[in-house]
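Heads up: the structure comes next, in structure tokens.
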Amino acid sequence: FDAVFISFVLHGFIQEKRDIIIKNAFKALKKGGRFAILDYANFDVDKAPWYIKFAIRKVECPLAEDFIKRDTKEMLERFGFERFEENFYFKNFLRLLKAYK
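As structure tokens, then:
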């Protein structure tokens with residue numbers, strides 16, 4: 073494939089399953105292909121405004137905060153992705169992260 077796109081997927085899985093998703097995306101892409109992930113950005117939930125803390129801790133699935141704390145780029149690099157592009161939304165709490173095979 074030229075591209076793989078997922079939207080608000082990774083934060084809903086335990087880390088071992090996230091790794092499988094990333095590995096499968098890498099495997100499915102041809103050389104130069106792009107993996108685009110729209111999901112939460114990495115940020116300190118404790119320092120976020122009250123409404124973000126509330127959404128993450130009371131409304132979102134319990135795995136969301138774990139995902140937010142992890143370095144998403146490092147996760148992708150472990151499976152061979154490189155060259156990252158980022159666009160941030162909603163006061164930098166959401167991110168479209170693109171990585172290339």
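For the sequence shown, our numbering assigns the number 73 to the initial residue and increments by one for each residue that follows. Note that CB positions come from ideal geometry on N, CA and C, so glycine has one too. None of these values were measured; they are calculated from a predicted model.
In this structure, how does DSSP classify residue i when only helix, strand and coil are distinguished?
{"i": "E132", "result": "coil"}
{"i": "F160", "result": "strand"}
{"i": "R142", "result": "coil"}
{"i": "R90", "result": "helix"}
{"i": "L148", "result": "helix"}
{"i": "F73", "result": "coil"}
{"i": "F85", "result": "coil"}
Keeping to the same chain, check which residues put their C-beta closer than 6 Å to that of residue i; ignore five residues upstream and five downstream.
{"i": "C133", "result": "G84"}
Taking only the alpha-carbon atoms, compute the straight-line gap between residue i and residue j and give it to the nearest angstrom.
{"i": "R150", "j": "F156", "result": "14 Å"}
{"i": "V81", "j": "E137", "result": "13 Å"}
{"i": "K145", "j": "V131", "result": "26 Å"}
{"i": "L135", "j": "I124", "result": "15 Å"}
{"i": "R90", "j": "K119", "result": "25 Å"}
{"i": "F162", "j": "I93", "result": "25 Å"}
{"i": "L148", "j": "F126", "result": "28 Å"}
{"i": "D143", "j": "N164", "result": "15 Å"}
Within a Cβ cutoff of 8 Å, which residues of the same chain sit near residue i, ignoring the five residues on either side of it in sequence?
{"i": "I140", "result": "H83, Y112, A113, N114, F115, V117 and I128"}
{"i": "F55", "result": "The requested residue 55 does not occur in the structure, where the chain is confined to residues 73 to 173."}
{"i": "G105", "result": "F73, D74, A75, V76, Y172 and K173"}
{"i": "K103", "result": "K173"}
So residue i packs on residue j, CB below 8 Å; how close in whole Å?
{"i": "L110", "j": "L168", "result": "5 Å"}
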